[in-house]
Amino acid sequence: MMMGQRGILGFVVVVCFMLFHHDQYAFGQLSSTIEQAGLFSLRSSLGLRAKEWPRKVDPCTSWKGITCRIEDGSRVIGINLSGLRRTRVGRLNPQFSVDALTNFTFLDTFNASGFSLPGPIPTWFGEKLLSLRVLDLQFCSLTGSIPASLGNLGNLTILNLSGNNLNGIIPTSLGQLSSLSVFDLSRNSFTGFIPASFQSIGNLRIFDISSNSITGPIPPSLGTFPNLQVLNLSRNGFSSSIPAQLGDLSSLVDLDIGFNSLSGSLPSDLRGLRSLQKMMVGDNALSGSLPDNLFATLTQLQFVVLRNNSLSGSIPDLLWSIPELRLLDISYNDFSGVLPNLSSSANASTAVFNLSHNQFYGNLASEFRRFSFTDMTDNYFQGRVSEGADRNSSLKGNCLQKVESQKRLEDCSSFYASKNLTFDNFGLPNTEQPLPTPGGSRKSNKRLRYVLVGVFASLGFILVLIGLLVLCLCIFRRGAPDQRGRGVSPAPVGAESGSPSAVGVSSDYANLGEKFTHAELQKATGEFSDLNLIKHGHSGELFRGVLENGSPVVVKKIDVRLAKKDSHMIEMELFSRASHTRLVPFLGHCLDHEHEKLLVYKYMPNGDLSNSLYKNVKNEDGSMQSLDWITRLKIAIGAAEGLSFLHHECSLPIVHRDVQASSILLDDKFEVRLGSLSDICTQEGDNQQNVISRLLRLPQTSEQGASSSPSATCAYDVYCFGKILLELVTGKMGISASSDTNTNEWLEQTLPYISIYERELVTKIVDPSLIVDEDLLEEVWAMAVVARSCLNPKPSKRPLMRYILQALENPLKVVREDNSNSARLIKAASSRGSWNAALFGSWRDSSSDIVSTPSQGGNREGNSFKQSFTAGSQGSVQYNVYDRSSSNKKFSRDIYPEPFEFPATERTNVN
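If you count the sequence shown from 1, you need to add 219 to reach our numbering.
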């Protein structure tokens, strides 16, 4: 592609200026005037700060990201824009304006990782930059498709285009890149098939096209890469069976083909993967049994994930005895058989086995206690287990003796009978039925009768008391006038100047952000093409798009006939009255259509926490890992700042009601922006419903909302935030988005490993992919402690969000101040004299209580919260997220009512 006329004219002006004023600029070793002018042109077109690339200095030695080679007369061979900062004007209008690159004929490396370059990759990249060996454009907000001309870059060894908005098919011409070593197109929207021409790339070490929409069978030609170390095809639409040719990849270390639609059995020919350390084949439709000889040569395996398939048969003994095995997850299959002797495992103290939801049976050997953790939930194990066996294992849903939550006698008996085996009847004689709990004698039955009599007598007394209270309340409400002599009743939703849904858009909303036309947003999103569809949100469909000025955006399309009628008004009300750096930036709207409303937000390059925690990043050795601990702590603090603003910096507390990983959006620097704001509402305060009526759930009065359900509370947000903290610590995703039985069971198994008195326990639940030293482990421990305090089953005992924020900002203070002296801890807890005491005040209660998940929901009709923002928050006033001294409001310590269930709708983030 030829450069635009503006680019050519600008470059000529810069060259002329440099020639006439050459004595004013000391470029030192950079010898080429053309390249000098090109660097200044590039600085101007990208809007870079002068502090990054200053004048009157040598670019080769003083400009960040510029690399020169002296042997060629000090010519520019490397340009690295990653981490450079733009001017304010440049940030407001980022563009893919790099035409000046055509002047660097020796350019070897162009790295713009994480630097916003919205727009398509220019075709001339493959025509002018023929010396390139490294092209790294990951997380640059790229759009469009890959130009076929990139196939001309014969010297290219690294091509990384991951984490963008690229679409279309992968060009066949890329198969001409015979020198390519790293090929990463992950986290885009590519479709079609893997080109057959790729079999000619003989030097590939990393091949990653995960998280796209690639379909068809896995091509057998992938087995022709002799040096391939990482093969990641996960989260696509691959079907058919696993090709046996993959077994020829003798150098392969990491194989991830999970989350596809693969079928058939696991081929035994994979035994050629002698260097394999990580085998991720979960979440497919594989069936059949595991080949006996498959693991005979896979002695380097450390992680094996075969979960959520339809695999059956027994587990080969060789799999159990792999010396380096640290994680084996074969849950949710149809495996059966008796467990072998597990004493031969060399890494028993660090290994984690998940055998849950299968059909294993027989007695449990004592050796399984040696492992770091074993999950044997929902199998058919019988017999006795030694005392304390459940400390590092989950044994629910089996047929074991004297263990809680086991299967019914009928289920266990029929299973063993179907296999012609004898069931031990829970250790009782065959004529006796097992009792759910110890006891059951006549004495206990007599005691039970006394208890029932007492209960019914107490209920009768309470009913009489309730009748008296209702009568008193009715008399009081009937005769309690306000200052004007009218009965006190809060204004209904939307009562100020009429209901929003009734009167349309107010003048405040009309001036909120930019007013787009429907045609503009149609063009930006490609006519709302399915290729640009991000997801179906619970309040509307989310599309990625690019405005005419090149700015990437997310457009939410709301059909008011299907969604909640005023959901878009709730968000616009919030954005019109408050602005905060931790809320997703709202850019504008289009409300012209009667039945279709469009809201426009800034695009977040790193998506949300649910799909970014395990976004692979490159190490120097080419290995892959998840987000580091520093970034995770940064995300936790950012989310706490946003929720603290809603809870404590508004005149009435604002409840988010959809706090989960998909609501925590991440920009290009992993700074948090809260999304999913269509369900927010004010917390129901004491001025609207007194404690007695909430506690006794009296019939609906004017203090209650339009629905008979009480509003959600800040305590509910705190509970959900606690689950997010656990996700960051353990790496277990999906916890914050679920309240099902499996999630509750997981919480019950995990929380006992969090103790303020013993740090080492937390190492048993920490994400195995995290690499933490002694100091960082204390921070991990502190976050886990904070998470447990948030998950207190008693809402009134959960800490306020402002205390949580201060704890996360001072994590070492959490564990160093309160874990050394239990007497001082209890004393501080009783006094509630500090934020640390607020966190630990109910620790003893939460340690003994059963973990219970509060019901989700609340009044989804949308409370009016116009009065919830202080007068100072009007317009575009920005709140200082580090100044929390302005709010002196005292909050009630009363028991929070738990929200009711939300409808079963898909929970997604705003963008």
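All C-beta atoms in this analysis are idealised placements derived from N, C-alpha and C, irrespective of residue type, glycine included.
Check                                                                                                                                                                                       : Outcome
Below 7 Å CB to CB, which residues in the same chain sit around TYR822 once its five sequence neighbours on both sides are set aside?                                                       : SER360, ARG763, PRO771, VAL772, VAL773 and ASN1130
Quick one, are the C-beta atoms of SER416 and ASN386 less than 7 Å apart?                                                                                                                   : no
Quick one, which of TRP848, ILE365 and VAL891 has its alpha-carbon nearest PRO1030's?                                                                                                       : TRP848
Nearest CA to the CA of SER420: which residue from TRP282, PRO648, LEU393 and GLY807?                                                                                                       : According to the sequence displayed, residue 420 carries Ile and not Ser. Among TRP282, PRO648, LEU393 and GLY807, the Cα nearest to that of ILE420 belongs to LEU393.
Among residues of its own chain, excluding the 5 on either side of SER725, which ones have a beta-carbon nearer than 6 Å to its beta-carbon?                                                : Confidence at SER725 is low in this model, with a pLDDT of 42, below 50, so the placement of that residue should be treated as unreliable; the coordinate-derived value is given next. Excluding residues within five positions, none has a Cβ falling inside 6 Å.
Mind listing, in chain order, the continuous beta strand (DSSP E) runs of no fewer than 3 residues lying wholly within the segment 810 to 868?                                              : 815 to 821
If you reduce the DSSP assignment to three classes, tell me which class ILE899 lands in.                                                                                                    : coil
How big is the Cα-Cα spacing for GLY556 and ASN527?                                                                                                                                         : 18 Å
Tell me the rounded alpha-carbon separation between LEU258 and THR286.                                                                                                                      : 12 Å
State the Cα-Cα distance for the pair ASP488 and GLN464, rounded to the nearest angstrom.                                                                                                   : 8 Å
Tell me the rounded alpha-carbon separation between GLY686 and PHE680.                                                                                                                      : 10 Å
Less than 8 Å between the CB atoms is what I'm expecting for LEU1172 and LEU320, so what's the real figure, rounded?                                                                        : No answer is possible for residue 1172: the residues shown for the chain start at 220 and end at 1130.
With respect to the beta strand (DSSP E) encompassing PRO278, which residues constitute its N-terminal and C-terminal limits?                                                               : Here PRO278 belongs to no beta strand (DSSP E); instead the alpha helix (DSSP H) covers 278 to 281.
Which ranges would you report for the beta strand (DSSP E) in the segment 254 to 307 if only whole runs of at least 3 residues count?                                                       : 285 to 288 and 294 to 299
Quick one: give me the first and last residue of the alpha helix (DSSP H) that SER633 is part of.                                                                                           : 628 to 637
Note the first and the last residue of the continuous beta strand (DSSP E) segment covering MET499.                                                                                         : 497 to 499
For VAL672, is the classification buried or exposed, using 16 other Cβ atoms within 10 angstroms of its Cβ as the cut-off for buried?                                                       : exposed
Out of CYS869, LEU399 and LYS742, state which residue places its alpha-carbon closest to the alpha-carbon of ARG796.                                                                        : CYS869
Start and end of the alpha helix (DSSP H) containing THR969?                                                                                                                                : 960 to 969
Using only alpha-carbon positions, find the residue among VAL689, PRO987 and ALA515 that is nearest to LEU846.                                                                              : PRO987
Could you check what DSSP says for LEU356 in three-state terms: helix, strand or coil?                                                                                                      : coil
State the DSSP-derived secondary structure class of PRO1015, mapped to helix, strand or coil.                                                                                               : According to the sequence shown, residue 1015 is Ser rather than Pro. Helix, per DSSP.
Identify, in the order they occur along the chain, each residue of the same chain with its Cβ nearer than 6 Å to the Cβ of PHE412, setting aside the five sequence neighbours on each side. : GLY435
Given this structure, state the Cα-to-Cα distance separating VAL317 from SER957, to the nearest angstrom.                                                                                   : 45 Å
Do you know offhand how far ALA636's Cα is from MET595's?                                                                                                                                   : 21 Å
Which residue from ASP553, GLN521 and SER550 puts its Cα closest to that of SER540?                                                                                                         : GLN521
Measuring straight from C-alpha to C-alpha, what distance separates SER533 and ASP597?                                                                                                      : 16 Å
According to the neighbour-count rule (16 or more other Cβ atoms, all chains shown, within 10 Å of its Cβ), is HIS866 buried or exposed?                                                    : buried
What is the DSSP secondary structure of LEU558, reduced to helix, strand or coil?                                                                                                           : coil
How would you call THR391, buried or exposed, if buried means at least 16 neighbouring beta carbons within 10 angstroms?                                                                    : exposed
Do three or more CB pairs link the segment 951 to 970 to the segment 876 to 884 at distances below 8 Å?                                                                                     : yes
Is the beta carbon of SER350 sitting closer than 7 Å to the one on LEU326?                                                                                                                  : yes
May I ask you to report which of helix, strand or coil DSSP gives HIS808?                                                                                                                   : strand
Say whether the segment 997 to 1006 touches the segment 973 to 984, bearing in mind that this needs 3 or more beta-carbon pairs closer than 8 Å, one atom from each stretch.                : yes
Would you list the one or two residues that DSSP bridges to LYS888?                                                                                                                         : Answer is none; LYS888 lacks a bridge partner.
Taking Cβ positions, are ILE549 and LEU525 nearer each other than 7 Å?                                                                                                                      : yes
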